[in-house]
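Novice:
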Amino acid sequence: FNYSDTAFGPPVYTLRGVGFNESSPQATSTVGVYIDQIAIPFPIMTKGAMIDVDRVEVLKGPQGTLYGRNSTGGAINYIATKPTDQLEAGVIASYGRYETASIDGYISGPITDSVRSRLAIRSVTSGEGWQESVTRGDELGEQDKLALRFTTDFDLSDRTTASFSYSHVTDESDTLAPQLIELTGNYTPLLGLAGFEGDSEGSAVTPDRLVPDSDPTEAEWTAGRTPSLDHENNMYKLHLEHELSDRIALTSLTGYSEFDDNGSEYERGSIAGVLIADAEALDPGWLKGKYRTLPDSDYITTDYVYQDGDIDSFSQELRLTGTYENVVWMAGLYYSDSDVNYLTQQDFGAASNTNFSTGLGFSQLDNDVEQDTTTKAIYLNADWFMSEKLTLTTGIRYTEDEADYKGCTRAPSDNTSNTWNALFQTSVGPGDCLTLVSPVPPQGEPREAELAEKDLDDDYISWRLAANYDLTDDASIYASYSRGYKAASFPSLAAVSSDQLDPVVKEQLDAYEVGFKMALAGGAAQLNGAAFYYDYTDKQLLTKVLVPVFKQAFALGNVDESEVVGVELDLQWVPVEGLTLAAAGSWLDTEITDGIGFNQKSEKLDLEGSDLPFTSEFEAFVSAQYEWSISNKLGAMLALDASYTDGANSDFEGKGNSTLPASLPAFGIEFPSAPYSYDENYEIDSYTLVNARVGLQSNDGQWKGYLWGRNLTDEFYTSTTLQNNRSVARYPGMGRTYGVTFEYYWN
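See the structure below:
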């Protein structure tokens with residue numbers, strides 16, 4: 001299981017190499033995420049899920065016959081700690097590097113004999129950023145997060161219980177600044193091919209700064225700006241359980257979420273920018289759009305993004321569960337409806353591919369998205385106890401997905417509309433949609449630009465077949481075959497042509513798995529193993545496409561056929577009292593077996609034989625924790641863990657030595673075949689992270705205090721490398737952090 005951030009906030013969840021590296025707000029995940037069994041439809045809404053968690057359940061492989069939504073990669077279910085029958089309270093306070101303070105607290109107990117409540121709060125703030133500008137004294141990376149959850153459980157009768165929960169999450173933290181690796185085009189007349197030596201503080205972008213040292217704190221972003229989030233999420237959940245009889249129970253799960261982005265900012269250019277006064281001095285009249293009216297003391301960016309919008313999501317699930325002699329069965333209905341309204345403003349500033357020597361050009365594009373998505377499903381699952389040793393599992397699900405989509409790229413100023421009209425013979429004005437209608441217009445007639453209105457209506461059947469056999473009381477083997485789907489989805493991006501906004505088709509994954517579970521050393525150890533083969537059809541991914549004038553643009557796409565082969569082992573062992581050891585490892589081999597597509601440079605390639613992006617061949621984890629008594633009341637603890645992640649690619653590695661010819665027939669443009677070699681900038685190096693804790697605790701569990709360190713070796717690692725507008729940049733992970741934590745519990 002892997003978790004990583006994207007350039008625009010939504011996290012990416014990956015299980016066994018199955019993930020969807022898409023960063024738009026309405027992007028859905030290959031891995032379903034749940035809080036107390038209620039599905040969260042969009043990854044951007046999952047922040048704050050870890051507050052006051054009792055446990056986390058991770059299900060690998062296609063899911064959909066047990067609860068919730070369809071998924072190809074698996075499911076993660078965060079189980080919140082429940083209200084208690086007795087009054088309890090606790091607090092966990094930490095202080096660490098970068099002046100970071102966090103506090104977790106809860107209070108739980110009975111209100112009446114039949115009503116119990118629990119309130120949990122978590123706050124994380126830091127007074128110092130962990131990233132530093134390479135050209136000035138600015139810092140970036142401060143945290144400002146707040147999460148709370150209030151839960152009340154009701155015993156309505158001997159057969160009926162209810163649980164209501166309200167969660168609130170805000171995140172106003174700084175966003176990550178990527179590190180510039182390479183300029184892929186010039187920024188004339190302001191920056192030149194290699195860099196602009198400005199006189200004003202913050203203007204300099206020199207060649208020796210294009211490739212930073214292996215230091216995660218070294219980065220660059222537009223001077224005078226602080227890229228940061230402004231997210232708020234409110235979630236309401238109602239869980240009802242009613243025993244219809246001694247054998248049958250009814251479950252109702254109702255969820256409603258409101259997510260608001262009140263204006264978030266993201267740096268993508270990785271350059272400090274240029275003062276407007278300097279730009280005017282170099283080339284009077286060159287500035288376009290909003291930069292003509294901004295103060296001379298402001299800076300021109302090279303690639304900066306603003307976002308604001310909202311997402312509303314409702315879901316309702318009904319389940320019947322029952323037992324009958326040798327079978328345990330479940331039948332469910334699922335319904336969800338989500339509305340997405342988002343505006344993304346892309347500020348290109350000094351980028352040469354939006355400002356031309358002819359005097360035409362623009363500094364900004366606005367992307368509007370409105371999307372209404374509805375999912376309906378029915379599913380059945382049954383465990384058949386064929387004998388004392390053999391259990392068969394059967395499950396099937398039918399799903400219908402519908403989506404209505406409206407989107408286009410708009411002109412925020414007269415410069416933008418004038419440039420569009422000159423380039424494409426359109427007749428648009430400020431505020432109008434610029435996205436071109438795809439068909440070729442009749443000879444001599446202007447091209448049309450309008451709001452793209454699209455819809456999709458899809459249905460599919462997924463299933464699961466499995467068998468488990470108990471070899472002994474301490475060992476079992478299993479085999480399974482399952483099929484899962486990820487629904488088709490629309491993109492949110494700058495679109496020159498309306499076909500860029502077409503949805504990607506649904507992806508299908510057939511999973512074959514065998515494995516074992518075994519208790520060893522008289523129950524002191526547990527060893528699990530699995531081998532699996534995934535047959536992947538139409539895998540969804542974020543890719544590039546060819547567009548007129550600007551040559552390349554982001555788009556969603558599908559890979560025809562690919563496969564994943566893997567082996568997993570994990571061991572947990574308590575060799576002596578107080579000592580717990582754990583180890584886990586996984587090996588993955590991924591390959592595209594059939595597919596033609598574009599890499600991040602918009603080079604058209606035969607992808608056969610290429611690895612799937614963002615899939616490490618080998619990952620391993622080891623940990624050791626030892627607890628011992630110093631006296632009758634006082635104990636000590638020491639914990640160490642290390643994880644290793646093998647290298648991966650953030651782009652397709654075409655196996656040929658030349659690109660494929662490509663064309664834009666609607667614009668009469670041909671791109672001939674050209675020599676090709678994989679760009680090593682898109683390699684993600686392997687890395688090892690080491691963490692530790694050491695401290696004291698009371699033997700009765702009432703308190704503990706400890707020192708901790710994360711990434712103790714200060715290992716440099718990155719999560720991804722992206723080609724943005726005119727640059728290639730990588731996104732680093734945080735370096736060494738350390739601090740102290742104190743926990744205290746009342747019960």
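According to our numbering, the sequence shown is numbered sequentially starting from 1.
Glycine included, each C-beta is placed from N, C-alpha and C at the ideal position.
Please read all numbers here as calculations on a predicted model, not as lab measurements.
1. Apply the 10 Å Cβ neighbour rule to residue 40 and answer buried if 16 or more other Cβ atoms are within range, or exposed otherwise.
2. State buried or exposed for residue 576, treating a residue as buried only when at least 16 other CB atoms are found within 10 Å of its CB.
3. Using only the alpha-carbon positions, how far apart do residue 493 and residue 14 sit?
4. Would you call the CB atoms of residue 638 and residue 623 closer than 8 Å?
5. Could you tell me the boundaries of the beta strand (DSSP E) in which residue 384 lies?
6. Does DSSP classify residue 633 as helix, strand or coil?
7. Note down the Cα distance separating residue 16 from residue 278, rounded to an integer number of angstroms.
8. Between residue 617 and residue 591, which are expected to be in contact by the criterion C-beta below 8 Å, what is the C-beta distance as a whole number of angstroms?
9. Tell me which residue opens and which closes the alpha helix (DSSP H) that residue 417 is part of.
10. What residues in its chain sit with their C-beta under 6 Å from that of residue 366, if we drop five residues either side in the sequence?
11. Looking at residue 744 and residue 702, is the spacing between their C-beta atoms short of 8 Å?
12. Count the other CB atoms within 10 Å of the CB of residue 568; is the residue buried (16 or more) or exposed (fewer)?
13. Rounded C-beta distance between residue 600 and residue 545? I'm assuming under 8 Å.
14. Excluding sequence positions up to five away, which residues of its chain have a Cβ less than 7 Å from the Cβ of residue 253?
15. Report yes if the C-beta distance between residue 456 and residue 447 is below 8 Å; otherwise report no.
16. Starting from residue 440, trace the beta strand (DSSP E) in both directions and tell me its first and last residue.
17. Select from 650, 642, 704 and 607 the residue whose C-alpha is nearest the C-alpha of residue 659.
18. To the nearest angstrom, how far is the alpha carbon of residue 322 from that of residue 330?
19. Residue 42 to residue 58, Cα distance in whole Å?
20. How is residue 607 classed by DSSP in three states: helix, strand or coil?
21. Straight-line CA distance for residue 154 to residue 80?
22. Whole-angstrom Cβ separation of residue 687 and residue 645, contact assumed at under 8 Å?
23. Look at the Cβ atom of residue 379, then the Cβ atom of residue 733, and state whether they are nearer than 8 Å.
24. State yes or no: is the C-beta of residue 650 within less than 8 Å of the C-beta of residue 684?
25. Thinking C-alpha only, which one of 70, 439, 422 and 294 is nearest residue 360?
26. Assign residue 388 to buried or exposed, taking buried as 16 or more other Cβ atoms, counted over all protein chains shown, within 10 Å of its Cβ.
27. Should residue 425 go down as buried or exposed, given a rule of 16 or more other Cβ atoms within 10 Å for buried?
28. According to DSSP, is residue 290 part of a helix, a strand, or is it coil?
29. Considering only the beta carbon of each residue, do residue 381 and residue 395 sit closer than 8 Å?
30. Among all the DSSP beta bridges, which residues are the ones paired with residue 132?
31. CB residue 177 to CB residue 267, shorter than 8 Å?
32. Secondary structure at residue 670, three-state DSSP: helix, strand or coil?
33. Could you check what DSSP says for residue 691 in three-state terms: helix, strand or coil?
34. Answer with buried or exposed for residue 751, where buried requires no fewer than 16 other C-beta atoms within 10 angstroms of its C-beta.
35. Do the CB positions of residue 145 and residue 113 come within less than 8 Å of each other?
36. Quick one: using the 10 Å Cβ neighbour count with 16 as the cut-off for buried, is residue 50 buried or exposed?
Specialist: On the basis of the supplied data:
1. Using a 10 angstroms sphere on the CB of residue 40, the tally of other CB atoms reaches 16 or more, which defines it as buried.
2. Classification of residue 576: exposed, given that the 10 Å Cβ count is below 16.
3. Rounded to whole angstroms, the gap between the alpha carbons of residue 493 and residue 14 is 23 Å.
4. Not closer than 8 Å, so no.
5. Element bounds for residue 384: 364-385.
6. The answer is coil: DSSP assigns residue 633 none of H, G, I, E or B.
7. Straight across, the Cα-Cα distance linking residue 16 with residue 278 is about 51 Å.
8. By a beta-carbon distance limit of 8 Å, residue 617 does not contact residue 591. Their separation comes to about 11 Å.
9. Looking at the DSSP string, the run of the alpha helix (DSSP H) that includes residue 417 is 414-424.
10. 345, 410 and 412.
11. Taking 8 Å as the Cβ cut-off, residue 702 and residue 744 qualify as a contacting pair.
12. By the neighbour-count rule (16 or more Cβ atoms within 10 Å), residue 568 is buried.
13. Cβ atoms of residue 600 and residue 545 stay farther apart than 8 Å, at about 11 Å.
14. Excluding sequence neighbours, residue 253 sits near 37, 38, 239 and 317.
15. Contact check for residue 456 against residue 447 fails: the beta carbons are separated by 8 Å or more.
16. Segment: none, residue 440 is in no beta strand (DSSP E) and carries neither H nor E.
17. For residue 659, the nearest C-alpha among the options comes from 607.
18. Linking residue 322 to residue 330 through their CA atoms gives a straight-line distance of about 6 Å.
19. About 18 Å.
20. When DSSP states are grouped into helix, strand and coil, residue 607 belongs to the coil group.
21. Computed Cα separation, rounded: 16 Å.
22. At roughly 6 Å, the Cβ-Cβ gap stays under 8 Å, so residue 687 and residue 645 are in contact.
23. Cβ distance not < 8 Å, so residue 379 and residue 733 don't count as in contact.
24. Their beta carbons are under 8 Å apart, which means residue 650 touches residue 684 by this criterion.
25. Measuring from the Cα of residue 360, the nearest candidate turns out to be 422.
26. With fewer than 16 Cβ atoms within 10 Å of its Cβ, residue 388 is classed as exposed.
27. Around the beta carbon of residue 425, fewer than 16 other beta carbons sit within 10 angstroms, so the residue counts as exposed.
28. Note: residue 290 maps to helix in three-state DSSP.
29. Yes.
30. 139 and 218.
31. With contacts defined by Cβ atoms closer than 8 Å, residue 177 and residue 267 form a contacting pair.
32. Under the three-state reduction of DSSP, residue 670 is assigned to strand.
33. Three-state DSSP puts residue 691 in a strand.
34. Residue 751 lies beyond the residue range present for the chain, which begins at 1 and ends at 747; the question has no answer from this structure.
35. Taking 8 Å as the Cβ cut-off, residue 145 and residue 113 do not qualify as a contacting pair.
36. With fewer than 16 other Cβ atoms inside 10 Å of its own Cβ, residue 50 counts as exposed.
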